[in-house]
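Structure first, commentary second.
2 protein chains.
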Amino acid sequence: MDELSRVFAALADPTRRDMVARLTEADATVSELAVPYDVSIQAVSKHLKVLEDAGLVTRTRDAQRRPVHLEAEVFDLMTKWIERYQQRAEQRYQRLDAVLDELNAADNNRTGNNRKGRAS
Amino acid sequence: MDELSRVFAALADPTRRDMVARLTEADATVSELAVPYDVSIQAVSKHLKVLEDAGLVTRTRDAQRRPVHLEAEVFDLMTKWIERYQQRAEQRYQRLDAVLDELNAADNNRTGNNRKGRAS
DNA sequence: CCGGTATTCAACCAATCGATTGAATACCGA
DNA sequence: TCGGTATTCAATCGATTGGTTGAATACCGG
Chain H
87 MDELSRVFAA LADPTRRDMV ARLTEADATV SELAVPYDVS IQAVSKHLKV
137 LEDAGLVTRT RDAQRRPVHL EAEVFDLMTK WIERYQQRAE QRYQRLDAVL
187 DELNAADNNR TGNNRKGRAS
Chain X
87 MDELSRVFAA LADPTRRDMV ARLTEADATV SELAVPYDVS IQAVSKHLKV
137 LEDAGLVTRT RDAQRRPVHL EAEVFDLMTK WIERYQQRAE QRYQRLDAVL
187 DELNAADNNR TGNNRKGRAS
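Residue numbers (the working numbering), protein chains in the order written: chain H, 87 to 206; chain X, 87 to 206.
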């Protein structure tokens, strides 16, 4: 699977999103992260593996602890993808609105009918 | 499942992301969308259902065709989530860097050792 | 009304996912 | 070295996913 898919998939789970949210506050160990969730430590460890494989977190080693650290850079991948298509979609709406405006001006300039097109 | 999870999950598939990308250019029918992919029409219809359940597209009715239309608004959900935590993560790095700078200034001001902390 | 076209519904299947429990590994401290 | 703590590995399980094929539905044009 490609990286972007892994990132999206990793964030498609509320528990994992919550972990990411908490890791923006501070690094944490696996067992610290596990406290609020009603699942086993092993399940949390697996969730972290998913986040790690997506490049969203790294695990360093500090004695027997494995502090988890958020890597904010990967967010850029998503942001770029989203912004690109969001922008293109919005531009298209603008073009569509322009076309509708032209149509309205050309042959509906006295009927006062309401097109279903989006408000600009 | 909550909406944000559905949106992330929907975009975690390359085929579905490609559909979204193409829909930023123009609305399209199911069979039009299916052309480039080496899967059955039914599979494409299922992919569209996933995008629809996530609120990313809507299907209107035009005779027996069902033109698919991209809804750009839902992108905002993701963008907000991402930006919020991306920002918090970056702020934390800044605070961390400040702390490291203080430490370096306080007791490492002649050793020239290299902390593993991120470059600011 | 009938044939063709577009699309969805239904049943099924293999692979993946999220969770579990139990065992293994790694490291610290006494 | 031994016991405790932190974490991962492995096997298993049920639910979900992404694909298939075949049947059903909806609509247009003659």
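Backbone N, C-alpha and C define an ideal beta-carbon position, used for all residues, glycine too.
Within 7 Å of the CB of H:E176, the CB atoms of chain X belong to A158, in sequence order along the chain.
S91, F94, A95, L97, A98, D99, P100, V106 and A107: these are the residues of the stretch 91-109 of chain X whose beta carbon lies less than 7 Å from some beta carbon of chain H, given in chain order. One alpha carbon belongs to X:S91, the other to H:D99, and they sit about 6 Å apart. A Cβ-Cβ separation of about 6 Å places X:M164 in contact with H:I168 under the 8 Å criterion. H:V143: member of the beta strand (DSSP E) spanning V143 to R145, first to last residue.
A contact is defined here as three or more CB-CB pairs under 8 Å, and the stretch 120-127 of chain X fails this definition with respect to the stretch 142-161 of chain X. Contact annotation for X:Y171 against chain H: V106, A107 and T110 [CB-CB distance below 7 Å, chain order].
In the same chain as X:A114, and ignoring 5 residues on each side of it, the C-beta atoms closer than 8 Å to its own belong to R108, P153 and V154, in chain order. In terms of Cβ geometry, X:T110 and H:R178 form a close pair [threshold 8 Å]. Within chain H, P100 have C-beta atoms less than 8 Å from the C-beta of X:D88, given in sequence order. By the neighbour-count criterion, in which a residue is buried when 16 or more other Cβ atoms sit within 10 angstroms of its Cβ, X:V93 is buried. In the three-state reduction of the DSSP assignment, X:L97 falls in the coil class. Per DSSP, X:V154 is one residue of the beta strand (DSSP E) stretching across V154 to L156. For H:A175, the three-state secondary structure derived from DSSP is helix. Contact residues of the stretch 120-140 of chain X toward chain H are absent (C-beta to C-beta distance below 9 Å). Flagged as an interface residue toward chain X: H:T165, by a C-beta distance shorter than 8 Å. Boundaries of the alpha helix (DSSP H) harbouring X:E118: V116 to A120, taken from the DSSP string.
It is roughly 18 Å from the alpha-carbon of H:G141 to the alpha-carbon of X:R170. The same chain holds no residue with a CB closer than 6 Å to that of H:E176 once the five nearest residues on each side in sequence are set aside.
Between X:S131 and X:V116, the gap from beta carbon to beta carbon is short of 8 Å.
Residue state for H:D148 is assigned as strand, using DSSP reduced to three classes.
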